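Participant:
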Amino acid sequence: MALKASQLKVGDTHVERVVENLSRTQIVMYCGASGDYNPLHADEVYATKVAGYPSVFAHGMLTMGMTGKMLTNYVGDGRLTKFGVRFTNQVWPGDDLDAKATVAAIREEGGQHFVDLTLSTTNQDGKEVVSGSATARIDP
Amino acid sequence: MAKITFPVEASHIMMFARAIGDTNPVYHDAEQAKKSEVGGIVASPTFPQAVAQFDPDYPLRWRPGQKWFGSGKTPTGVENRPSGGGGLHAEQHFEYHRPLRPGDLLTVETRPGETWERESKRAGKLTFRERITEYRDQNGELVITARGVGVTTERPVDQR
């Protein structure tokens with residue numbers, strides 16, 4: 678179901694819980710799918726003893742991917758024209774993440790309607806782990 | 053940088069969607085996807101980053117016969133690794149001209165962008181490096197432009 682410009686207004690939000698109790702196994706699955714096998718994400722010994730972190734942590738791109746899941750559920754498949762994020766805090770095994778999109782603008786360009794969204798993904802402590810923006814094609 | 057050839061395959065799209073916990077049938081069920089608005093399987097929005105699988109020189113992949121900085125007998129296989137573990141990902145941006153589909157044969161080229169530095173209370177001196185990546189399809193059409201920013205920290209990021 679595509680979004681309709683006529684039914685959206687600035688300030689509308691869509692929130693989804695995109696992961697609950699993030700597992701090290703999911704992080705390893707992301708290593709395998711993405712090809713990024715950085716031991717910081719998959720090797721607890723290296724991450725703690727060499728790199729000096731409390732444990733392994735998620736790829737930023739895993740958090741962006743999960744934020745993208747919320748986005749495509751909201752705007753529909755194949756409708757994004759832009760999607761950008763900053764990684765503001767690390768994501769750790771055990772984290773619960775909520776991804777939120779807020780309508781920033783609804784506009785028309787060359788007869789096509791678009792929605793601009795601001796994005797924020799937060800953990801169980803309310804700390805923002807990803808902030809960003811996206812643009813999607815919408816119906817009239 | 054050398055051009056990388058990135059064949060987009062249905063099983064890879066499925067595995068990538070599983071890893072991000074996305075059960076949308078448009079990523080794994082050809083029948084369902086056919087009936088959807090996009091008319092077939094498409095890749096999820098951050099899938100382009102999986103081009104790393106096809107980069108012959110990608111540094112974050114273990115290779116036989118080469119030293120690897122992860123743990124084995126000892127916590128790292130490479131001496132003098134920096135604390136903080138090297139680089140982190142600071143930003144990632146995509147511009148999409150169309151969704152990727154199984155059967156697409158992409159040519160991917162990355163060029164360096166700007167470099168800048170900043171002081172941070174949580175991690176010391178930060179060095180940011182931007183990279184611009186263009187994904188072109190089998191017809192030479194630009195399908196995705198990506199801009200990534202990596203950051204090297206002076207020390208591990210303070211968690212307090």
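If you're matching them up, the sequences are chains D and U in order. Under the working numbering, residues 678 to 817 are what the first sequence spells out, in order. Under the working numbering, residues 53 to 212 are what the second sequence spells out, in order. Ideal placement from N, C-alpha and C gives every residue a C-beta, glycine not left out. As the structure is a computational prediction, the values presented were derived from the model and not from experiment.
1) Using a beta-carbon distance below 8 Å, is Q801(D) in contact with chain U?
2) Could you check whether the Cβ of R183(U) sits closer than 8 Å to any Cβ belonging to chain D?
3) Is H149(U) buried or exposed, if buried means 16 or more other CB atoms sit within 10 Å of its CB?
4) I need the straight-line Cα distance from K726(D) to R784(D), nearest angstrom please.
5) Between the stretch 779–795 of chain D and the stretch 681–697 of chain D, do at least 3 Cβ pairs fall closer than 8 Å?
6) Run through chain U and tell me which residues come within less than 9 Å of R694(D), C-beta to C-beta.
7) Indicate whether at least one CB of chain D lies closer than 8 Å to the CB of W168(U).
8) Check whether the Cβ atoms of H790(D) and D816(D) lie closer than 8 Å to each other.
9) Using the Cα positions of T737(D) and S711(D), report the straight-line distance between them to the nearest angstrom.
10) Nearest by alpha-carbon distance to E61(U): which of Q105(U), G91(U), A54(U) is it?
11) Please say whether I184(U) and T162(U) have beta carbons closer to each other than 8 Å?
12) Using a cut-off of 7 Å between C-beta atoms, extract the partners of R113(U) located in chain D.
13) I want to know whether the stretch 105–115 of chain U touches the stretch 83–95 of chain U - three or more CB-CB distances under 8 Å.
14) Under three-state DSSP, which class holds S797(D)?
15) One question on the structure: do G761(D) and Q144(U) come within less than 8 Å of each other, judged by their Cβ atoms?
16) Determine the burial state of K87(U): buried for a count of at least 16 other Cβ atoms within 10 Å of its Cβ, exposed for fewer.
17) Starting from S810(D), follow the beta strand (DSSP E) in both directions and report where the run begins and ends.
18) Please list, in chain order, the residues of the stretch 725–736 of chain D that have any C-beta partner in chain U closer than 9 Å.
19) Which residues mark the beginning and the end of the beta strand (DSSP E) in which E786(D) is found?
Facilitator: According to the data block:
1) Reading the first sequence from its first residue, position 124 is the one you call residue 801(D). No, its Cβ sits nowhere closer than 8 Å to a Cβ of chain U.
2) Locating residue 183(U) in the second sequence gives position 131, counting from the first residue. So no, R183(U) is outside the interface.
3) Indexing the second sequence from 1 puts residue 149(U) at position 97. Answer is exposed; the Cβ neighbour count stays below 16.
4) As a working note, residue 726(D) is residue 49 in the first sequence. As a working note, residue 784(D) is residue 107 in the first sequence. In a straight line, the C-alpha of K726(D) is about 51 Å away from that of R784(D).
5) yes
6) Here residue 694(D) is taken as the residue at index 17 of the first sequence, counted from 1. By Cβ distance, chain U contributes nothing, its closest Cβ being about 10 Å from R694(D), past 9 Å.
7) Locating residue 168(U) in the second sequence gives position 116, counting from the first residue. No, because no Cβ of chain D sits closer than 8 Å to the Cβ of W168(U).
8) Locating residue 790(D) in the first sequence gives position 113, counting from the first residue. Locating residue 816(D) in the first sequence gives position 139, counting from the first residue. Contact: yes.
9) On the first sequence, position 60 is the one that residue 737(D) refers to. On the first sequence, position 34 is the one that residue 711(D) refers to. According to the sequence displayed, residue 737(D) carries Gly and not Thr. One C-alpha to the other measures close to 12 Å.
10) Here residue 61(U) refers to the residue found at position 9 when the second sequence is read from its first residue. Here the closest residue by C-alpha is Q105(U).
11) For the purposes of this step, residue 162(U) is identified with residue 110 of the second sequence, where counting begins at 1. For the purposes of this step, residue 184(U) is identified with residue 132 of the second sequence, where counting begins at 1. Contact flag set, yes.
12) As a first step, residue 113(U) is located in the second sequence; it is residue number 61 there, counting from the start. Neighbours of R113(U) on chain D, chain order: G712, Y714.
13) no
14) Here the question's residue 797(D) lines up with position 120 in the first sequence. S797(D) falls in the strand class under three-state DSSP.
15) Here residue 761(D) corresponds to residue number 84 of the first sequence, with the count starting at 1. Here residue 144(U) corresponds to residue number 92 of the second sequence, with the count starting at 1. Yes; because the gap between Cβ atoms is below 8 Å, this pair is in contact.
16) Along the second sequence, one-based indexing puts residue 87(U) at 35. Exposed is the call here.
17) Counting from 1 along the first sequence, the entry for residue 810(D) is found at position 133. Its beta strand (DSSP E) spans residues 805–815.
18) T725, K726, V727, A728, G729, Y730, P731, H736
19) For this step, residue 786(D) is matched to residue 109 along the first sequence. Counting along the chain, the beta strand (DSSP E) containing E786(D) begins and ends at 774–786.
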